[in-house]
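Numbering (our numbering), first residue to last: 385 to 691. We put the CB at the ideal spot given by N, CA and C, even for glycine. All values reported here derive from a predicted model rather than from experimental measurement.
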Amino acid sequence: MKKAFRSIPLLTTWILLLATALAPVSVHNTLRAEKKKIILLNADTIEGVETASGSEPQSCRSVIGNVRFRHGTLTLACDRATEFETEKKIVLFGNIVIIDNDVEIHADNGVYFPDNEHGELTGNVRARMLNGSLMARARKAVMENRKNRLWLYDDAIAWGKTERLSGDIIMVHTKKAAGDGKQYVDEVQVHRNTLLAARDTLSLSPVLYNQLSGNRMVISMNDRGKLSDVIVTGQAESLYHLYDEGNKPTGINYSSGNSILMLFIEGRLIKAKVTGNVEGRQYPGRYRGDPKINLPGFVRKEPERPF
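Now the structure itself:
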């Protein structure tokens, strides 16, 4: 059972403060967290609501229409939000957009816990670095703001500038650059059914992809969003294109083993090392671009980019 006991149209901040002062039940434009304050920047309507949870009544506040909050460096926007004081959480509904410095996340529904800066998002989740270095989509996401980590679950796919990555779970870790302080992706982890397809920058026609798959993958990137190294463990497989010293194609290499290490410079593969139960084969140059030699699960999904 719930009971709305106050609804206030937000015309201006002055009207909001005046109405709050006169209302019999205090409604603040600042939602309090344990260590920081959630500041309500905008909303069309505020409602104070009392709900029954078992035998104990619970008070909560709802804000409706063009809602925007600020929590430290974080900005949250949505159609509607309800703060549950006892549970110390804010439930978000509709057209959610969360921005923290250079990271932007979109979703349909979510819950945010201010005390530990933890968020859980569902429904058409999309995320991107505002500098264009990475974008991703999934059905569910968990945001760990203090640890600069974003977890993507269920049919998760991420795109770099020339790479595509997929798996059951993708974790993206960001870091601030030493020079200008902007955030960049420095590590990506992928768990189960992993597949990395990196554009072969030496081939303009046909368009080719070096491919890598396995049970677990750890990807390191430089501060310009380029691959620097990739480590794959568990049923690791790779398919990459070979060139001579004059950058002329010489064939394609397939390898499998317990683990694979790949090193890149400016997106170009310069070294690959396979260890443990190693198997491999060489394809001649006539197989360049032949889909029959692609790794299982390789599908070009450029049209699915969320931004």
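For glutamate 621, the uninterrupted beta strand (DSSP E) segment begins and ends at 611 to 627. Between the C-alpha atoms of valine 447 and glutamate 431 there is a straight-line separation of about 6 angstroms. In the DSSP assignment, the residues bridged to glycine 494 are Leu476, Leu505.
Three or more pairs of CB atoms, one per stretch, sit closer than 8 angstroms, so the region 599 to 607 contacts the region 570 to 586. DSSP lists no bridge partner for arginine 689. Residue burial annotation: phenylalanine 691 is exposed, with fewer than 16 other C-beta atoms found within 10 angstroms of its C-beta. Sequence-distant Cβ neighbours of glutamate 467 in its own chain, meaning closer than 7 angstroms and more than five residues away, are Leu415, Cys444, Arg445, Ile474. Excluding five sequence positions before and after threonine 634, the CB atoms of its chain that fall closer than 8 angstroms to its own CB belong to Leu626, Tyr627, Asp628, Gly669, given in chain order.
Classified as exposed, glycine 664 has fewer than 16 neighbouring CB atoms from the shown chains inside 10 Å of its CB. A Cβ-Cβ separation of about 19 angstroms leaves asparagine 678 out of contact with leucine 611 under the 8 angstroms criterion. The beta-carbon separation of leucine 580 and valine 614, rounded to 6 angstroms, stays under the 8 angstroms limit for a contact.
Residue environment analysis places glutamine 595 among the buried positions, since at least 16 neighbouring C-beta atoms fall within 10 angstroms of its C-beta. About 5 angstroms separates the CB atoms of valine 658 and serine 639; that is less than 8 angstroms, so the two are in contact.
The beta carbon of isoleucine 489 sits closer than 6 angstroms to those of Ile482, Ala511, all from its chain and outside the five residues before and after it, given in chain order. Taking all protein chains in view, the Cβ of tyrosine 496 is crowded by 16 or more other Cβ atoms within 10 Å, so the residue is classified as buried. Annotation for isoleucine 677: no beta strand (DSSP E) segment contains it, and DSSP assigns it neither H nor E.
Between the alpha carbons of methionine 527 and asparagine 485 lies a gap of roughly 14 angstroms.
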